[in-house]
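Residue numbers (mature numbering (1 follows the signal peptide of the UniProt record, and there is no 0)): -23 to -1, 1 to 181. For each residue, glycine too, the CB sits at the ideal point set by N, CA and C. These numbers come from a predicted model, not from an experiment.
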């Protein structure tokens, strides 16, 4: 017990030491990125979303390094995450539409994936590349499936989540990361190979 507590305190101190006081960006360059693997199955909700809106899933791009974001970019990311979270009423697809896994842009109500789709749309409109805005499927600690938006940056991968108004490094969440959109093709999905190797997930 004492050993675990000391490890936890050391990790917190180390993480805080890496971030300068008053830093505009939410995490240092050393935050790890997800390691993606092979192409995998597309969530049924996203498949049907692509059938309804094929232009949304036909985007292809060459592999490119994740961008380095400046203070203004981070402010835009934080603002959109917060505004979208506050704009819509959280409601399951079954309650809102009478069916499961209905992925769509929200109007009044939104399930987790709808929040993420809207953030992706608004960040793209703000100048971010779709190849760096990736729908992601995770598992919550209670085993329930959940969807978030992953933002790829030169400082690591960050999560925009309707359950949290903060934009967090993916390693600072409690989630097990399963798969996400491929950066090279918006209609394909890839596995996340290090999705269980969270570095500081237990610290929150």
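Excluding the five sequence neighbours on either side, which residues of its own chain have a C-beta within less than 8 Å of the C-beta of residue i, listed in chain order?
i	result
residue 57	96, 99, 100, 103 and 137
residue 21	78
residue 183	What is shown of the chain runs -23 to 181, which leaves residue 183 out entirely.
residue 26	33, 34, 80, 81 and 94
residue 15	167 and 168
Any idea what DSSP makes of residue i, helix, strand or coil?
i	result
residue 80	coil
residue 118	coil
residue 23	helix
residue 54	helix
residue 111	strand
residue 171	coil
residue 150	coil
residue 135	strand
residue 97	helix
residue 59	helix
residue 41	coil
residue 9	coil
residue 163	strand
Return the chain-ordered list of same chain residues with a C-beta closer than 6 Å to the C-beta of residue i, the five sequence neighbours on each side being excluded.
i	result
residue 129	43 and 109
residue 73	86
residue 46	130
residue 65	83 and 87
residue 173	153
What do you reckon, are the CB atoms on residue i and residue j nearer than 7 Å?
i	j	result
residue 19	residue 166	yes
residue 134	residue 38	no
residue 69	residue 116	no
residue 163	residue 36	yes
residue 161	residue 50	no
Kindly indicate which residue of the options has the alpha-carbon position closest to the one of residue i.
i	options	result
residue 147	111, 121, 162 and 119	111
residue 23	15, 125 and 47	125
residue 61	157, 144 and 132	144
residue 52	36, 12, 17 and 142	142
residue 91	113, 105 and 107	113
residue 63	140, 40, 159 and 31	140
residue 81	173, 14, 30 and 161	30
residue 67	89, 105, 48 and 76	89
residue 132	48, 119 and 14	48
residue 118	173, 15 and 151	151
residue 127	121, 75 and 106	106
Residue i bridges to which residues according to DSSP?
i	result
residue 67	87
residue 29	The partner list for residue 29 (beta bridge, DSSP) is empty, contrary to what the question assumes.
residue 124	114
residue 16	167
Cutting at 7 Å between CB atoms, please list the residues of its own chain near residue i, excluding the five before and the five after it.
i	result
residue 55	144
residue 156	17, 114, 166, 167, 168 and 169
residue 171	11 and 12
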